[in-house]
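Since the structure comes first, as structure tokens, the remarks are kept for the end.
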Amino acid sequence: MTAQTAAPARAEERRSWAPMIGLFLAQVLMSFNVAALPISLGGMVEDFGVPPTVASTTIVVYGLAVAALVMTGAKLGQRIGWVLIFRCVVVVFAASSVMMILSPTIGWAIAGQVLAGAAAAIIVPSLVALIAENYRGAQQATAVGSLGSARAFSGISAFLIGGTLGTLVGWRPVFMITLGLAVAVFALSFGLRSDKGDASVRIDLVASALIGGAIVLLTLGFNNLNAWGILLAEPGAPFDVLGISPAPVFVVAGLVLGQAFFLWTRRRMRLGKVPLVDLSVLGSARERAAVYAMFIIVAMEAAVNFTVPTYIQVVQGRTPFDTSLAMMPFNLTVFVTATLIVRFYRRYSPRTIGLFSFGLTTAALVWLALVVTNNWETLPTILGLVVFGIGQGALVTLVFNVLVTAAPKELAGDVGSIRGTTQNLASAVGTAVMGALLVTMLSLNFTQAVTEHPELPDELVAQVDLDQVNFISNDELREKFAETDASVEQIDAAVAINEGERLRTLRMGFLVLAGLSLAAALPASRLPRYKPEEIPDPSPAGE
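The number in the working numbering is simply the position in the sequence shown, starting from 1, with 2 added.
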């Protein structure tokens, strides 16, 4: 048989999906843990007797550990070997679940999530590298798509299962599920194609410190824009810099460290030294466009995931279980679309799919801005979330697949680390910026409307700290005004103003997101016109 005839036969080689089940469950494991933490906050507050802000530290430290260590984790995988390190960190994740289940104090729970985040920082690039090692062609595209659908599946299951367990039994049994998932992933990992590490790979500690510091500062800065102040320091800020809030200072410092990381990495590559992440995976405009598009769509998803639950739980005063039901059409749509979009790769180019999908998200957000009301269960609102879910599910899978298929197999871990860093940072930025935008607009609009209302005199307005007006329920606003000299009629007028301005702010927020989605057409227009080249089938270890 000639090489020409052997190549197509090898290209059609299909491998068992059993190893992919383990990789799918590994993505579910991480996403389920992330989704379970907010559900568990109430139980941890009650169990440990700590304020909610202390309990929420478990969420913060997990995200920081993943984002700060993911690039270093990719290099560890290349040095030690992806299969071996994958099994090791899955065991570490299982240990973190045991710590959550048995934790006697909040300190143990926080330490458990630090461990989970450190393990996830290696699992994230491992998933990409192991898919590249075990699958190719259509199977590879399907495998990449399954990672996107796993995130949506985890969100649905965590809210439903975690919400039910948290209500009926307690928060600790939720992490028995993550423990069971970790055991299943470890068992299935023995079906993965074996690989060998490269002991010559060196970890660039300077680059690791630069990118780790940049991610930590950017995440802390964006996440605390509301609490510490967008520009001037609020009373809740830990310190100030000449009256300036530390949040924007952290953001600027993070950007500076990020630029220093890129300069340092390019210098090492010019000198022929091994970088922390090979920037050649972003060498063309197509790959950079894929990263920009990924950042935008993940940031928009985070903004919607922040806005809708906040409105349902805080404003309407409904339970997390009610929120999961309201978000289910969106999450199910993302799950199905992320899985099925690969069927269109042979017929349409990534550029066509990307532009069409961003068109869908733009139209959906404009539609939501027009039809959203105080009731999220109306058919027009559900339709808008479903259409947005179609575009979002298609885009997350598409841009990830463009990056994976454009890179050689040996750089798959670098692609995974870039994916992890981009998604974690985009999620933090999307949530924080949307929160700051909505709260700022609501506060300004509500203050102006109350000041101009003829039934609410300046003497009454002066008794209420309107700077602290946030997305609150009508009952909470009534309590604020009940502490003043306001009459029943005046309180009713203030509540009516708040309802109107709240809805107006929400619609403006959706329009801002629609503008961002429309602007994303620029990076989407630079995605490849052709079907991405397949990653060559790796030779078995030792061949």
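Yeah, the Cβ is synthetic: ideal placement off N, Cα and C, and Gly gets one too.
Self-check item: Extent of the continuous alpha helix (DSSP H) run through F264
Solution: P248 to R272
Practice problem: Assuming R421 and V30 form a contact by the criterion Cβ under 8 Å, report the distance between their Cβ atoms to the nearest whole angstrom. | Solution: Going by Cβ atoms, the distance from R421 to V30 rounds to 17 Å, so no, they are not a contact pair.
Exercise. Can you say whether E135 is buried or exposed, counting buried as having 16 or more other CB atoms within 10 angstroms of its CB?
Key: Counting Cβ neighbours within 10 Å, E135 comes out buried, since at least 16 surround it.
Quiz item: Could you give the C-beta distance for A301 and V431, rounded to a whole number, given that I count them as a contact under 8 Å?
Solution: 5 Å
Quiz item: Considering only residues of the same chain and omitting the five flanking positions on each side of A11, which have a CB-CB separation below 6 Å?
Solution: Because A11 sits at a pLDDT of 42, beneath the cut-off of 50, its placement in the model cannot be relied upon, and the following sentence gives the value as read from the coordinates. Around A11, the same chain offers no residue with a beta carbon nearer than 6 Å, after the five sequence neighbours per side are excluded.
Quiz item: Is it right to say L265 is buried, meaning 16 or more other beta carbons lie within 10 angstroms of its own, or is it exposed?
Solution: exposed
Quiz prompt | Euclidean distance between Cα positions of A328 and Q394 | solution = Going by the C-alpha atoms only, they are around 17 Å apart.
Quiz prompt | N376 beta carbon less than 8 Å from that of F448 | solution = no
Quiz prompt | Bounding residues of the alpha helix (DSSP H) (the contiguous stretch that carries E491) | solution = V490 to A521
Practice problem: Within the stretch 331-377, note down every full alpha helix (DSSP H) run reaching 4 residues or more, in order along the chain. | Solution: Taking only runs of at least 4 residues, the alpha helix (DSSP H) segments lying wholly in the stretch 331-377 are 352-373.
Practice problem: Go through its chain and collect everything with a Cβ distance to I384's Cβ below 6 Å, but skip five positions before and after it. | Solution: Here the set comprises P331.
Practice problem: Ignore the nearest five residues each way along the sequence and tell me which others in S541's own chain have a CB closer than 6 Å to its CB. | Solution: Unreliable placement is indicated for S541, whose pLDDT of 32 sits below 50; the coordinate value is still reported in the next sentence. Same-chain partners within the cutoff: there are none.
Quiz item: Using the rule of at least 16 other Cβ atoms within 10 Å of the residue's Cβ for burial, across every protein chain shown, is P240 buried or exposed?
Solution: exposed
Practice problem: Using the Cα positions of L162 and A526, report the straight-line distance between them to the nearest angstrom. | Solution: 35 Å
Quiz item: Can you give, in chain order, each stretch of the alpha helix (DSSP H) that sits fully within the stretch 189-234 and has at least 4 residues?
Solution: 207-225 and 227-230
Practice problem: Taking L31 as part of the alpha helix (DSSP H), name the residues at either end of that continuous run. | Solution: A20 to F50
Exercise. Would you be able to state if there are at least three C-beta pairs under 8 Å between the stretch 43-57 and the stretch 211-225?
Key: no
Quiz item: Straight-line CA distance for L234 to V243?
Solution: 9 Å
Quiz item: Relative to the C-alpha of T309, which residue among A96, V251, V374 and P277 is closest?
Solution: V374
Self-check item: Cβ neighbour criterion (16 or more within 10 Å) applied to G238
Solution: G238 counts as exposed, since fewer than 16 other C-beta atoms from the protein chains shown sit within 10 angstroms of its C-beta.
Quiz item: Taking all protein chains shown into account, do 16 or more other C-beta atoms lie within 10 angstroms of the C-beta of V398, making it buried, or fewer, making it exposed?
Solution: buried
Quiz item: In whole angstroms, what separates the C-alpha of I548 from that of F483?
Solution: The requested residue 548 does not occur in the structure, where the chain is confined to residues 3 to 545.
Quiz item: Since V546 sits in a beta bridge, which residues does DSSP pair it with?
Solution: Residue 546 lies beyond the range of the chain shown here (3 to 545); nothing can be said about it.
Quiz item: Between V203 and T423, is the Cβ-Cβ spacing less than 8 Å?
Solution: No.
Quiz item: In terms of residue numbering, what span does the alpha helix (DSSP H) encompassing E481 cover?
Solution: N476 to A484
Self-check item: Backbone CA spacing between G182 and A97 [nearest angstrom]
Solution: 11 Å
Quiz item: For A522 versus I298, is the C-beta distance shorter than 8 Å?
Solution: yes
Self-check item: Straight-line Cα distance separating T74 from R270
Solution: 16 Å
Exercise. Would you kindly work out how many angstroms separate the C-alpha atoms of F95 and Q142, rounded to a whole number?
Key: 26 Å
Self-check item: C-beta contact flag for S99 and F34 at 8 Å
Solution: no
Quiz item: Using the C-alpha atoms, what's the distance from A496 back to N476?
Solution: Using only the alpha carbons, I get a separation of about 9 Å.
Practice problem: Leaving out five residues on either side along the sequence, give the residues of the same chain with a beta carbon under 7 Å from the beta carbon of P530. | Solution: R288, S351, P352, R353 and V404
Self-check item: Span of the alpha helix (DSSP H), counted from its first residue to its last, around A131
Solution: I108 to N136
Quiz item: Within 7 Å: the Cβ of R348 and any heavy atom of the ligand PLP?
Solution: The ligand PLP is absent from the structure shown, which contains no ligands of any kind.
Quiz item: For H455, which option in S419, A111 and A498 has the closest C-alpha, if you only look at C-alpha atoms?
Solution: A498
Quiz item: Is the CB-CB distance between G45 and G164 below 8 Å?
Solution: no
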